[in-house]
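J.:
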Amino acid sequence: MKKLREKSEIWFAVISIIIYVVSFSIADSLSPSLGMEKSATLIWSVVMLAAMLIFIGKNSLSKYYGLCKGEYKVGKWLLFVPLIAVTSTNFWNGLTLSENIIETVVCAAAMGIAGIIEEIIFRGYLFKAMSRDNVKSAIIVSSLTFGIGHIVNLLNGAELVPTLLQLCYAAAVGFMFTVIFYKSKSIILCAVSHFIVNASSVFALESDMRFQLITCAVITVISAGYGIYLLCAAKTPQQENE
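Here the sequence shown is numbered in my numbering, starting from 865 and rising by one per residue.
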């Protein structure tokens, strides 16, 4: 992978996305045979995240990919209120706890870690690779591919309409996360937010279509609005020093 990255950062990102999507789909399909949903997925997610962090650390790429402290001016960033609002999405309709606590924790952990991996791949690998040529195009592609990538949920038995709604607001959230990374040079906030959103989805109560539509609209507006605001109002660390 090191040689591939040195040859082409974009292909490194694309191959990483393919490996992630295919391997997690396989892990999901294998989990029931182990007697517990997401069991194989959790094992694989830990292995994959560890491998990615080792690769990044070994090649001194932590700061490059945003695995570092961000540079923010809290006031200019609206105290992160929009980000917190989006992160709390799964709490809006109430929470529930399955009788099988162990399986619930396994599912939550697997999905949460997957969120961290997605941030490193989409915000780190893909955005950084493309932003070297054109930042605007990189933001758009990173956002859209992140949203469209959720279509694989259909292969895992998800319903069509909820998945389409997810594609919509995921693209908006991806846009917000990408701008946060671009402006702060850190994906830590994005990774923490993504982990919480994914993990808490396991505890979220099922909602009707009306609530899903409203939620999709609210998340999309908040995420897109905050991303646009940050692009216009928040300066990058380099701009702050000028």
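Ideal Cβ placement from N, Cα and C applies to all residues, glycine included.
For clarity, every value in this text was computed on a predicted model and none was experimentally measured.
#1: What did DSSP end up calling L959 once you bin it into helix, strand or coil?
#2: On the three-pair Cβ rule with 8 Å, is the region 915-926 touching the region 1035-1053?
#3: Going by the CB atoms, is the gap between A891 and S880 shorter than 9 Å?
#4: Could you give the distance in angstroms between the alpha-carbon of T1027 and the alpha-carbon of I1015?
#5: If you draw a straight line from the alpha carbon of E1106 to that of R869, how long is it in whole angstroms?
#6: Just verifying my parser: in three-state terms, what is the DSSP assignment at A1068?
#7: Measure the beta-carbon distance from G979 to V1061 and round it to whole angstroms, keeping in mind my assumption that it falls under 8 Å.
#8: Please list, in chain order, all residues of the same chain as G1089 whose beta carbon is under 6 Å from its beta carbon, the five residues on each side excluded.
#9: Apart from the five residues on each side of it in sequence, which residues of its chain come closer than 6 Å, Cβ to Cβ, to L906?
#10: Thinking C-alpha only, which one of L1024, F1041 and S1057 is nearest I1092?
#11: Hey, how far is the Cα of S1065 from the Cα of N954?
#12: Out of Y1046, I948 and F888, which one is the CA nearest neighbour of R987?
#13: In chain order, what are the residue ranges of uninterrupted alpha helix (DSSP H) at least 4 long that sit wholly in the region 938-1010?
#14: From L1008 to I965, what distance separates their C-alpha atoms?
#15: Using a Cβ-Cβ cut-off of 6 Å (strictly less than) and excluding sequence neighbours within five positions of L1018, which residues of its own chain qualify?
#16: Please state the DSSP three-state secondary structure of K871.
#17: Taking three-plus beta-carbon pairs below 8 Å as touching, is the region 1074-1087 in contact with the region 943-950?
#18: DSSP on G1013, reduced to helix/strand/coil?
#19: Leaving out five residues before and five after Y989 in sequence, what residues of the same chain have Cβ atoms less than 6 Å from its Cβ?
#20: Given this structure, state the Cα-to-Cα distance separating W956 from L1024, to the nearest angstrom.
#21: Which residue from L943, K866, P896 and K902 puts its Cα closest to that of L1094?
T.: The structure says:
#1: In this structure, L959 counts as strand in the three-state DSSP scheme.
#2: Under the Cβ criterion (8 Å, minimum of three pairs), the region 915-926 does not count as touching the region 1035-1053.
#3: no
#4: 7 Å
#5: Any reading at E1106 needs caution, since the residue's pLDDT is 41, under 50, leaving its predicted position unreliable; the model's value is listed next. Rounded to whole angstroms, the gap between the alpha carbons of E1106 and R869 is 32 Å.
#6: strand
#7: Their Cβ separation, rounded to whole angstroms, is 7 Å, which keeps G979 and V1061 in contact under 8 Å.
#8: none
#9: V970, A973 and A974
#10: F1041
#11: 6 Å
#12: Y1046
#13: 945-951, 965-982 and 991-995
#14: 35 Å
#15: T1027, listed in sequence order.
#16: helix
#17: yes
#18: Assigned with DSSP and collapsed to three states, G1013 falls in helix.
#19: A877 and S880
#20: Just so you know, the alpha carbons of W956 and L1024 end up roughly 22 Å apart.
#21: L943
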